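Per this note's numbering, the very first residue in the sequence shown carries number 38; after that it's consecutive. Beneath this line is the structure, given in structure tokens, with notes to follow.
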Amino acid sequence: MKTIPRQMRQGGDLTGLETTIDLDLSLCANPYGPAPAARTAVNALDFATLIRPPYDAADRFLTAYAKELGVDASELTPGRGVTEFIILTSRILGLLTSRLPGPETPVNHRRRAVAVITPEYSGTISAFHQADLISPPPGEPPSPEGREALVHRAMETHQVVVLSNPSNPEGLYVKSDRLLDIAAGHPSSLMIVDEEYLRFERDAKSLAGTDLDNVVVWQSIGKTFGLVGLRAGVMWTRNELYTKLIRPYVPTWPLSQLDTVASLGALADTAWCDDTLRKIRTDAYLAEILLGQLFGASRVSGTIHFRFVQLDNPTPIAAHLETQGIAVRTFDGRLPGHPSGIRILAPTSADQREQLSDAVNSCPLALHLYAGKLI
Numbered sequence: 038m039k040t041i042p043r044q045m046r047q048g049g050d051l052t053g054l055e056t057t058i059d060l061d062l063s064l065c066a067n068p069y070g071p072a073p074a075a076r077t078a079v080n081a082l083d084f085a086t087l088i089r090p091p092y093d094a095a096d097r098f099l100t101a102y103a104k105e106l107g108v109d110a111s112e113l114t115p116g117r118g119v120t121e122f123i124i125l126t127s128r129i130l131g132l133l134t135s136r137l138p139g140p141e142t143p144v145n146h147r148r149r150a151v152a153v154i155t156p157e158y159s160g161t162i163s164a165f166h167q168a169d170l171i172s173p174p175p176g177e178p179p180s181p182e183g184r185e186a187l188v189h190r191a192m193e194t195h196q197v198v199v200l201s202n203p204s205n206p207e208g209l210y211v212k213s214d215r216l217l218d219i220a221a222g223h224p225s226s227l228m229i230v231d232e233e234y235l236r237f238e239r240d241a242k243s244l245a246g247t248d249l250d251n252v253v254v255w256q257s258i259g260k261t262f263g264l265v266g267l268r269a270g271v272m273w274t275r276n277e278l279y280t281k282l283i284r285p286y287v288p289t290w291p292l293s294q295l296d297t298v299a300s301l302g303a304l305a306d307t308a309w310c311d312d313t314l315r316k317i318r319t320d321a322y323l324a325e326i327l328l329g330q331l332f333g334a335s336r337v338s339g340t341i342h343f344r345f346v347q348l349d350n351p352t353p354i355a356a357h358l359e360t361q362g363i364a365v366r367t368f369d370g371r372l373p374g375h376p377s378g379i380r381i382l383a384p385t386s387a388d389q390r391e392q393l394s395d396a397v398n399s400c401p402l403a404l405h406l407y408a409g410k411l412i
């Protein structure tokens with residue numbers, strides 16, 4: 038089996054590891070999932086319905102998701118997860134930016150058409166490979182305020198600005214009213230926000246439903262309900278041009294019957310969702326304390342169900358954790374728009390927290406020094 042370099046693995050990819058992993062903290066979905074109601078719904082499915090095309094599957098999904106967001110279903114576009122909207126948007130950027138009014142800059146250079154706020158999801162950076170990457174100043178500690186300033190700066194100079202909120206992989210959340218203020222102040226720029234992790238943030242509010250017509254929202258069913266294996270997501274916007282350009286590329290049947298049945302079951306079980314999100318927030322708080330004690334509080338960032346630890350040289354720490362049966366997501370900082378460090382999903386039990394604590398504390402001092410803990 039081909040070994041995948043540690044820094045190139047996606048969360049949950051354990052292929053090629055020589056050590057048996059019994060605690061996978063590299064994922065970024067609800068660790069209590071999949072939602073049991075989704076399993077029940079799939080088990081009750083009449084498989085004879087799979088003989089026919091999923092004629093009404095997307096409509097049923099949009100009706101349920103519109104209720105969740107508090108918007109009209111007609112304002113939503115279905116897709117195979119957020120990934121589909123990332124790819125489709127990258128394909129139409131030439132058409133989109135040629136028709137949008139440019140920001141008021143001395144010269145509206147083409148290189149200022151699109152900006153991606155970083156750090157950012159690797160799939161987004163890859164898809165928008167010609168975009169300007171707007172990054173924090175070197176040495177500036179990660180913070181919501183710093184990220185907000187980057188968005189403001191990008192909206193002043195670019196026609197399209199893409200960001201995740203909460204951010205991936207640092208888990209920072211910029212309050213929705215702050216983003217809406219920025220969007221309102223720059224009506225000639227389009228703000229596209231990936232809200233994949235929004236529900237993990239306490240009291241967070243989606244931008245969907247705003248009266249502004251220069252805001253686009255992407256969401257999916259996967260992360261919140263522990264159903265990343267499903268490909269079911271939505272796009273919301275009041276921007277007629279963006280919608281007009283995107284929808285012709287959406288397939289005739291964008292969602293399968295299985296995707297829809299499982300998604301509807303999960304969305305209906307609001308009690309399970311609320312309960313697990315409360316548990317996850319407690320887990321994340323305890324993880325933050327633990328990681329702060331182990332690595333230094335100033336190096337730990339995030340406000341949701343995973344925490345990002347800034348390390349100059351994360352590979353030896355990650356390798357040591359793997360020898361202790363623990364997998365984490367590793368970022369070596371070599372790829373543009375990526376930080377250097379490790380992302381750790383919050384352990385869900387006292388035993389898991391103890392295992393993580395023992396594993397890190399057993400690291401030789403030289404590894405901590407090399408990783409940049411003691412400076």
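From the three backbone atoms N, C-alpha and C, an ideal C-beta is built for every residue, glycine too. In this text the structure is predicted, and so the values were computed from the model without any measurement.
For residue i, count the other beta carbons within 10 Å of its own beta carbon; 16 or more makes it buried, fewer makes it exposed. Which is it?
i	result
LEU244	buried
LEU267	buried
GLU391	exposed
HIS342	buried
PHE84	exposed
GLU121	buried
GLY176	exposed
HIS166	exposed
THR360	exposed
SER338	buried
ILE88	exposed
GLN330	exposed
PRO179	buried
TYR92	exposed
ILE123	buried
ASP320	buried
ALA387	exposed
GLY48	buried
ASN398	exposed
GLN131	The sequence given here places Gly at residue 131; Gln does not occur at that position. Flag for GLY131 reads exposed.
ALA66	buried
ALA396	buried
PRO86	Inspection of the sequence shows that residue 86 is occupied by Thr rather than by Pro. Result: exposed.
Less than 8 Å between the C-beta atoms of residue i and residue j, yes or no?
i	j	result
ARG239	THR261	no
SER204	ARG184	yes
ILE58	LEU282	no
ALA303	ILE258	yes
VAL199	THR155	no
LEU328	ARG344	yes
ALA191	ILE171	yes
TRP290	ALA94	yes
VAL271	PRO115	yes
ASP109	ALA103	yes
ILE363	LEU137	no
GLU112	TRP255	no
PRO73	LEU382	no
VAL346	LEU62	no
ASP369	THR385	no
VAL119	ASP50	no
With DSSP as the reference, identify every bridge partner of residue i, one or two as the case may be.
i	result
SER201	ASP231
SER257	GLY270
ARG366	ARG380
LEU170	VAL153
THR114	MET272
GLN347	GLY378
VAL337	VAL346
ASP61	ALA364
VAL397	Partner(s): none; VAL397 has no beta bridge.
VAL252	MET228
Which same chain residues, not among the five before or five after residue i, have their C-beta less than 6 Å away from its C-beta?
i	result
VAL144	Residue confidence for VAL144 is low, a pLDDT of 45 falling below 50, so the modelled location carries little weight and cannot support an answer.
PRO373	LEU170
ILE229	VAL199, VAL253
HIS146	Note that HIS146 scores 45 on pLDDT, short of 50, meaning its location in the model is unreliable and no value can be drawn from it.
ARG117	ARG268
VAL197	VAL151, LEU227
ASN80	none
Kindly examine the ligand FAD and report whether one of its heavy atoms sits closer than 7 Å to the Cβ of residue i.
i	result
ILE88	For the ligand FAD, the structure offers nothing, since it holds no ligand at all.
Among the residues of its own chain, which have a CB less than 7 Å from the CB of residue i, if the five just before and after it don't count?
i	result
ASP250	ARG275, ASN276
THR247	LEU217
ARG148	Interpretation of ARG148 is limited by its pLDDT of 42, a score under 50 that renders its predicted location unreliable; no figure is taken from the coordinates.
THR444	Here the chain comprises residues numbered 38 to 412, so residue 444 is not present and cannot be evaluated.
GLY107	GLY246
ALA75	PHE262, LEU264, ALA299, GLY302, ALA303
ALA305	ALA74
THR340	PRO203, GLY208, LEU209, TYR210, GLU238
Worksheet entry | the segment 173-192 contacting the segment 204-216, beta-carbon criterion three pairs below 8 Å | The segment 173-192 is in contact with the segment 204-216.
Practice prompt. Report yes or no: do three or more beta-carbon pairs, one from the segment 293-306 and one from the segment 217-234, lie closer than 8 Å?
Written response: With the cut-off at 8 Å, the segment 293-306 and the segment 217-234 do not touch.
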